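Enquirer:
Number of protein chains: 4
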Amino acid sequence: MIIVVKPDATEAEVKRLIEMIESQNLSVNYSKGTERTVIGLIGDTATADLEKIQTNHIVDKVLRVQEPYKKANRLFHPDDTVIDVKGRKVGEGHISIIAGPCSVESEEQVVSIAKSIKASGATFLRGGAFKPRTSPYSFQGMGYEGLELLKIARRETGLPIVSELMSLEQLPAFEDVDIIQVGARNMQNFILLRELGKTNKPILLKRGMSATMKEFLMSAEYIMKEGNDNVILCERGIRTFETATRNTLDLSVIPVLKKKSHLPVIIDPSHATGLSWTVESMTKAAIAAGADGVMIEVHNNPEEALCDGEQSITPEQFDKIMTTVKKYAEIENKVL
Amino acid sequence: MIIVVKPDATEAEVKRLIEMIESQNLSVNYSKGTERTVIGLIGDTATADLEKIQTNHIVDKVLRVQEPYKKANRLFHPDDTVIDVKGRKVGEGHISIIAGPCSVESEEQVVSIAKSIKASGATFLRGGAFKPRTSPYSFQGMGYEGLELLKIARRETGLPIVSELMSLEQLPAFEDVDIIQVGARNMQNFILLRELGKTNKPILLKRGMSATMKEFLMSAEYIMKEGNDNVILCERGIRTFETATRNTLDLSVIPVLKKKSHLPVIIDPSHATGLSWTVESMTKAAIAAGADGVMIEVHNNPEEALCDGEQSITPEQFDKIMTTVKKYAEIENKVL
Amino acid sequence: MIIVVKPDATEAEVKRLIEMIESQNLSVNYSKGTERTVIGLIGDTATADLEKIQTNHIVDKVLRVQEPYKKANRLFHPDDTVIDVKGRKVGEGHISIIAGPCSVESEEQVVSIAKSIKASGATFLRGGAFKPRTSPYSFQGMGYEGLELLKIARRETGLPIVSELMSLEQLPAFEDVDIIQVGARNMQNFILLRELGKTNKPILLKRGMSATMKEFLMSAEYIMKEGNDNVILCERGIRTFETATRNTLDLSVIPVLKKKSHLPVIIDPSHATGLSWTVESMTKAAIAAGADGVMIEVHNNPEEALCDGEQSITPEQFDKIMTTVKKYAEIENKVL
Amino acid sequence: MIIVVKPDATEAEVKRLIEMIESQNLSVNYSKGTERTVIGLIGDTATADLEKIQTNHIVDKVLRVQEPYKKANRLFHPDDTVIDVKGRKVGEGHISIIAGPCSVESEEQVVSIAKSIKASGATFLRGGAFKPRTSPYSFQGMGYEGLELLKIARRETGLPIVSELMSLEQLPAFEDVDIIQVGARNMQNFILLRELGKTNKPILLKRGMSATMKEFLMSAEYIMKEGNDNVILCERGIRTFETATRNTLDLSVIPVLKKKSHLPVIIDPSHATGLSWTVESMTKAAIAAGADGVMIEVHNNPEEALCDGEQSITPEQFDKIMTTVKKYAEIENKVL
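Protein chains in written order, with our numbering: chain A, 1 to 336; chain B, 1 to 336; chain C, 1 to 336; chain D, 1 to 336.
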């Protein structure tokens, strides 16, 4: 961390600022230029309380040199994290294919989709029981019953299940869900993150609609700080000015997050564009770019889907995509 | 709501689509053009489940004519909503000045600030007890103790208090808080909104960082649908590409939200720019633009603030701003 | 085009509006709903002057059904456009690899890079002679001399050349340039587009930093309207709130632009992220997503580059990328 | 400027880097921390060529301390710039009201509007002769004839005229235009800016749709570097995710640009929101926030306007706005 001092600060003021910094277990490196005076902070600035420094009246700017996250930081954890979910590995050389309906609608629906996607090569079954909807008048999901139907589909196919938890009081019901999803709108629900950090569940953390990659990693850090290192990062499109797609899929997260962090990175093309006819193209792009997997909405009858049918593909379309994905995985030496 | 049918749809397909729509208690108005066929929906489209229509394979586009919110809609509620908070009115000709520290730090701090701002003309005291922070290593607020200190300050000054609720389990502790604030990161925490809708508390709902005005009103609708009409809308800056300010304050919400809705609109310049030296300018702009009030961070010693000192102004600066605000209120025939 | 009439319009007013529309060679389809009255326009709305309609005081909303571009529209031109550049084809099954330095610096530099990239499989040589720079104090390119050096490199390698034209008065000097690039900042320099439309040169049109896909296609339409159909669309990153990358590469343009238009789509990963270490990942993603090619900055000595060295890769890195790209092209049945 | 060196750089490498920097007439201040080594640059970094430094392989980050503009920088020019346009002053305590039609349509139209706005208190007449339009099928302005009609209106009213120049070859025709406007789409047309810098005309420079304030000031710097200091900055809305307004008016530019620069700042509410019914609210906000003026579209018959009628107000509405603006100006001690 580097502090740029205002040009008109007196020597006495600079001295007091340095003493205050040193009282926080940091050393300083002081250098006086012709136009600006600069103070470098030496020590663990990630956990220090730096608010006081930033608001000191002689401070012009504070420039961060080091990233503010520690546990999610590849600098302190050079090897890729591999998460084990009932024997299936997520990360480092493994491609995870999470597929299933936006929302669970009936036993028949979810079991039939689960069987189809398994036959095509999916490795996880996703399905929403609790649905965050923009309008209070839209279908809000089957709730606890939906979770039970997912478990039935798991029993029938052996696919581990992924479902979204919307609120803390639902946590006990997710005891037997294999991967707990935190939705984009909850990415900065810090109390929720903290409590999930106290479990040892794999957490699929979705990037907030307008979260920077740094904030995304800080939210992972909230979970990891409490002791749960099983965090899977999931990009699902960010909000931009473009309206041709629902959101803008930011595939550059793949090289960037993988450079800055050791956590697995999954891409959700379905929510990103909101357009089923782009899913094949975006899935192939995600795998080619180096993602550790994708999360795709598949519905046996998208026109009748109670939620987000517009972005769901059919089992047949999913099967076709999987054929190419397997070829790409081979080129990239990855295990599907 | 208007449905544009794909050019290659057969008459039989169009007929089936119309039947499906009519089964939802909507009538249709069918018009066949040379290039496109268009179906108009007549009836209450706000509460109908329209997902099925959108994903029908012969549907090209669905164009909304009417806004998807009802209770928050000025169309169905032409008069301004005025909210009574312990005898103080929010909305329609009343300017509410909510001021106080970002976070409550001690009895001495909050009482002393409360007295200062009251003397300058503030009408509500704000103070954070639970603080949503991007980093798990930052100060997270005093919690329940903070709420108690706010109540002491209220007793000393008579100012009603505003504080942020971060999670549902904190709700009982907010029984005696006068206005419950829902933060920007919780604007789409739908379960929280629903529960707040079951209380009769005034809710200050902050706009999400990347929420459109329509989504903002839909979140108000979540609260109002459950029976609580006491919603105050608060703009606090949106996320854009600009980095000179922390967020971009969108003052155009004032004329737009007031045209579309009957709810009061408050502006928070402090969080919007994150720069204390812009607060005076932006506060005056908010009042001139027709806001029903502002929410300003005031700290007796911004340099020592445990949170967001960079954006806090001093009681002296606040007093100076209030002097101009009063003149503006007079020109606009508003009561402060 | 659909017009929603305000609820309080009188029948006489609606009648006058309809007459005005009909005076523009459009027919109307009138439907009166219980809440809203809707007028559908039938005929060629793309070229009609619709401003008058939009501002009529009884008009509430105007909803576009058809895209406002004609020549760039796949609806009226179902087959892919293939552009022939000195015998090399751009579009439909051909992958074009455009590589070279950000800016031409010397004969030795550009010839040596051209030879390297050709050996690795590049099909076009790019190099900037005129450089749009944010700061007036930065290197502005070699100008006309740079164009001459590019031609020397073309003579030595046979690679057709691509270079950016910044202003109309430079046009004569681009007579012998094979593809004229229009930079992102000039995407809406309409006078420039119109003049380029009067040539028969292939134009590589870069998407503006904050241009929607619709505006992008409207700019292509400006060129095509004058008679030049040789337009290549190039995505180079859009401006968003994210700062980890210079811009956000929007790969969803590939399926979307290809659905809406018949023009070839090229991706520029170098300018999009501004980070050389992401170029491999993003190039593979672009090819996998179905792009007709990529445009990559290659410099023999990025550290000494006079411009944008941060985003340039070395000839060795380029060679490695090309090896994978060839495998992907094979899977996708495309010719490199 | 501060350089953060990668942790694994050798002492010899750091030495070579320092020598390279010193060869550019800069001194360095070297400080070795426990985790990071930092080099501070002392001297005039604004005009030095820093690309070489940024791409040196041992450099991790480069952090700018000083703004990259000099002539537009308040640091080097503490007093407000006041621009004299035919005896009327723009900047520092003067409020300039620029009003008129989006585009000049006829002598009668522009003269009649000019007379009305003058009577209400406008100080400049605006009118477009050359119109940048997204669609090639929209009305493109009257061209040179439009300029002549503006001059007639000036003769009739005495109001100095403002009009937009779209391309360099139009420059001779603007000899007798009082303020030359550079549109948002041309804000980074660097060749145009450079040539305008060689004139002594007042330039009204509009902010690009997605330009940061820093880039905005860099474009002013392009003009000023050539010797023309008469630059007026004009905010006209930036592009964000919000669609309720055409753009998002960023009024925070007023305090921020005024802190960083000495140039006058004008607000264009009409283009910012694209909604005539927001103009009153946003104009009052601009004046209250400290703008040096506003630029407002006024049309005698918005419904018949050939361009942007949706955002134009009538002379009667303009007159009403001016009444309040005068009261605000008085409170702020400004001359209208």
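We put the CB at the ideal spot given by N, CA and C, even for glycine. In this text the structure is predicted, and so the values were computed from the model without any measurement.
1. Is the stretch 287-304 of chain C touching the stretch 82-100 of chain C, taking contact as three or more C-beta pairs under 8 Å?
2. Per DSSP, which residues does Asn73(A) bridge with? Please list them.
3. State buried or exposed for His262(A), treating a residue as buried only when at least 16 other CB atoms are found within 10 Å of its CB.
4. Compare the C-beta of Met295(D) with all C-beta atoms of chain B and state if any pair is closer than 8 Å.
5. Kindly indicate which residue of Asp44(D), Ser23(D), Glu13(D), Ile3(D) has the alpha-carbon position closest to the one of Asn29(D).
6. Assuming contact is defined by CB atoms lying nearer than 8 Å, are Ser252(C) and Thr323(A) in contact in what I supplied?
7. Scan the stretch 127-162 of chain D and note each continuous alpha helix (DSSP H) run of 4 residues or more that stays entirely inside, going in chain order.
8. Helix or strand or just coil, what does DSSP make of Val104(B)?
9. Given a cut-off of 8 Å on the beta-carbon distance, is the pair Val231(C) and Leu205(C) in contact?
10. Measuring straight from C-alpha to C-alpha, what distance separates Gly237(D) and Met218(B)?
11. Once you ignore the five residues that flank Phe190(A) on each side, which residues in its own chain have a CB closer than 7 Å to its CB?
12. At a CB-CB cut-off below 8 Å, which residues of chain A make contact with Thr55(D)?
13. Which partner residues of Gly293(B) appear in the DSSP bridge assignment?
14. Under 8 Å Cβ to Cβ from Asp319(C), same chain only, skipping five residues before and after it: list those, please.
15. Over the uninterrupted alpha helix (DSSP H) stretch that includes Ile179(B), give me the two end residues.
16. So, helix, strand or coil for Gly121(A), using DSSP?
17. Within its chain, find whatever has a CB closer than 8 Å to the CB of Thr245(A); leave out the 5 residues flanking it on each side and keep chain order.
18. Apart from the five residues just before and just after Val59(B), which ones in its own chain have a Cβ nearer than 8 Å to its Cβ?
19. Taking only the alpha-carbon atoms, compute the straight-line gap between Glu175(C) and Leu196(D) and give it to the nearest angstrom.
20. Which chain A residues sit within Cβ distance under 7 Å of Pro255(C)?
21. Return the CA-CA distance between Ser281(D) and Ala288(B), expressed in angstroms with no decimal places.
22. Let's test the definition: count the other Cβ atoms within 10 Å of the Cβ of Thr37(B) and tell me whether it reaches 16, buried, or not, exposed.
23. What are the start and end residues of the beta strand (DSSP E) that includes Glu310(A)?
24. How is Thr37(B) classed by DSSP in three states: helix, strand or coil?
25. Is there a Cβ of chain C sitting closer than 8 Å to that of Arg239(B), yes or no?
26. Going straight from the alpha carbon of Gly43(A) to that of Gln24(A), what length do you get?
27. Just the chain B side, please: which residues come within less than 7 Å of Lys21(C) by C-beta, in chain order?
28. Please state whether DSSP places Ser27(C) in a helix, a strand or coil.
29. Whose C-beta lies closer than 8 Å to the C-beta of Ala173(A) among residues of the same chain, with five residues either side of it excluded?
30. Would you please verify whether the beta carbon of Met322(B) is less than 8 Å from any beta carbon of chain A?
31. Any idea which residues DSSP pairs Val62(B) with across the strands?
32. Tell me the residue span of the beta strand (DSSP E) that contains Leu165(A).
33. So which residues on chain E does Glu215(C) lean against when the C-beta distance must stay under 8 Å?
34. Report the rounded CA-to-CA distance for Gln66(D) versus Met1(D), giving the unit in angstroms.
35. CA-CA distance, Lys225(B) and Pro136(A)?
36. Leaving out five residues on either side along the sequence, give the residues of the same chain with a beta carbon under 7 Å from the beta carbon of Glu107(A).
Expert: This is what the structure gives:
1. yes
2. Ser261(A)
3. buried
4. no
5. Ile3(D)
6. no
7. 144-157
8. coil
9. yes
10. 25 Å
11. Tyr222
12. Chain A residues near Thr55(D): none, gap ~18 Å exceeds 8 Å.
13. Ser96(B), Ile266(B)
14. Ser116, Ala119, Ser120
15. Note, Ile179(B): premise wrong, no alpha helix (DSSP H); beta strand (DSSP E) at 179-182.
16. coil
17. Gly237, Ala272, Thr273, Gly274, Leu275, Thr278
18. Ile3, Val4, Val5, Lys6, Leu17, Ile53
19. 27 Å
20. Trp277, Thr278, Ser281
21. 7 Å
22. buried
23. Run containing Glu310(A): none; DSSP gives neither H nor E here.
24. strand
25. yes
26. 10 Å
27. Here residue 21(C) turns out to be Ile, not Lys, going by the sequence shown. Those within 7 Å of Ile21(C) in chain B number zero; the least Cβ separation is about 13 Å.
28. strand
29. Tyr144, Leu147
30. no
31. Ile3(B)
32. First-last for Leu165(A): undefined, no H or E at that position.
33. Checking the listed chains, one finds no chain E in this structure; the protein chains it contains are A, B, C and D.
34. 7 Å
35. 8 Å
36. Leu149, Ile152
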